[in-house]
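First the structure, in the form of structure tokens, and then the observations on it.
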Amino acid sequence: MHKRHTFHILIALMVFGVTGCTEDEQFLEDNISVDVEEQPANSDAPQQEASNLAPNDATLFRMGDWSVVEQLVKANSGKVVVIDIWSTYCAPCMQEFPRLIELQEKHGDAIKCVSFNINYAGLPDQTPESDIEFIEPFLKKHGDSVEHLVSTVTDEAIYEKLGIYAIPAVLIYDMEGKLVHKVLEENAYESTVSPSVSKMLNSKNHQGESNES
Numbered sequence: 006m007h008k009r010h011t012f013h014i015l016i017a018l019m020v021f022g023v024t025g026c027t028e029d030e031q032f033l034e035d036n037i038s039v040d041v042e043e044q045p046a047n048s049d050a051p052q053q054e055a056s057n058l059a060p061n062d063a064t065l066f067r068m069g070d071w072s073v074v075e076q077l078v079k080a081n082s083g084k085v086v087v088i089d090i091w092s093t094y095c096a097p098c099m100q101e102f103p104r105l106i107e108l109q110e111k112h113g114d115a116i117k118c119v120s121f122n123i124n125y126a127g128l129p130d131q132t133p134e135s136d137i138e139f140i141e142p143f144l145k146k147h148g149d150s151v152e153h154l155v156s157t158v159t160d161e162a163i164y165e166k167l168g169i170y171a172i173p174a175v176l177i178y179d180m181e182g183k184l185v186h187k188v189l190e191e192n193a194y195e196s197t198v199s200p201s202v203s204k205m206l207n208s209k210n211h212q213g214e215s216n217e218s
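Residue numbers (our numbering): 6 to 218.
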């Protein structure tokens with residue numbers, strides 16, 4: 006489980022160039038690749054911001070705070086909504102990420118799956134767009150079958166807003182938009198998320214059959 010303190014320690018290690026990789030760090034290295042155009046050390050060329058992404062890249066994700074998630078839940082009334090809160094600094098999050106895609110593909114229009122990235126920590130000289138170079142390649146790898154959001158508020162603000170202390174974290178909302186499950190564990194999809202979603206959808210189908218008879 007990726008705790009808030011671990012998140013900041015990892016950033017500190019990156020900043021000060023500590024060598025050596027843990028198993029989780031090696032996973033991150035293997036799963037994030039960034040294409041960097043070689044430039045002279047004294048180049049004055051401005052770095053690309055998220056707003057300058059090519060149109061097809063810009064539509065891969067949206068940036069916003071938690072109110073965007075709340076709007077999505079409301080807009081998808083009648084569906085089960087699954088929100089996966091993750092970061093590229095969290096190896097277990099990235100290992101579980103494909104399960105979110107599989108869940109959406111399995112149940113189709115009956116559910117709405119959303120990924121919500123919380124890389125932004127509010128560190129000095131950091132903006133919500135600072136880690137797009139790491140986030141975007143990972144999202145491209147997994148495609149756009151689910152909706153991707155990138156937080157414009159800090160990870161700590163999200164922790165406090167949701168009353169969670171670590172990620173991976175998966176939230177499940179029922180067809181009426183009520184939060185019914187808050188799953189804070191590794192292997193969450195196999196143990197809790199997938200069975201819970203299937204049970205909720207089966208219950209809805211049985212209720213529909215009862216109303217028809």
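A virtual CB, placed ideally from N, CA and C, is assigned to each residue, including glycine.
Residue i, DSSP secondary structure in three states
i, result
"residue 113", "helix"
"residue 155", "strand"
"residue 184", "strand"
"residue 170", "coil"
"residue 6", "coil"
"residue 27", "Confidence in residue 27 is poor, its pLDDT being 41 and thus under 50, which makes the residue's placement too unreliable to answer from."
"residue 144", "helix"
"residue 128", "coil"
"residue 189", "coil"
"residue 161", "helix"
C-beta contact flag for residue i and residue j at 8 Å
i, j, result
"residue 122", "residue 82", "no"
"residue 74", "residue 144", "no"
"residue 106", "residue 150", "yes"
"residue 95", "residue 169", "no"
Spatial distance of residue i from residue j (CA atoms)
i, j, result
"residue 192", "residue 101", "7 Å"
"residue 148", "residue 175", "19 Å"
"residue 181", "residue 205", "12 Å"
"residue 141", "residue 208", "37 Å"
"residue 109", "residue 129", "37 Å"
"residue 161", "residue 77", "22 Å"
"residue 134", "residue 88", "21 Å"
"residue 103", "residue 196", "15 Å"
"residue 92", "residue 183", "25 Å"
Whole-Å CB distance - residue i paired with residue j, under 8 Å assumed
i, j, result
"residue 188", "residue 178", "Not confirmed; about 12 Å, so no contact."
"residue 126", "residue 159", "6 Å"
Cross-strand partners of residue i (DSSP beta bridge)
i, result
"residue 122", "91, 155"
"residue 67", "154"
"residue 77", "In the DSSP output, where bridge partners are listed per residue, residue 77 has none listed."
"residue 224", "Shown here, the chain extends from 6 to 218; a query on residue 224 therefore has no answer."
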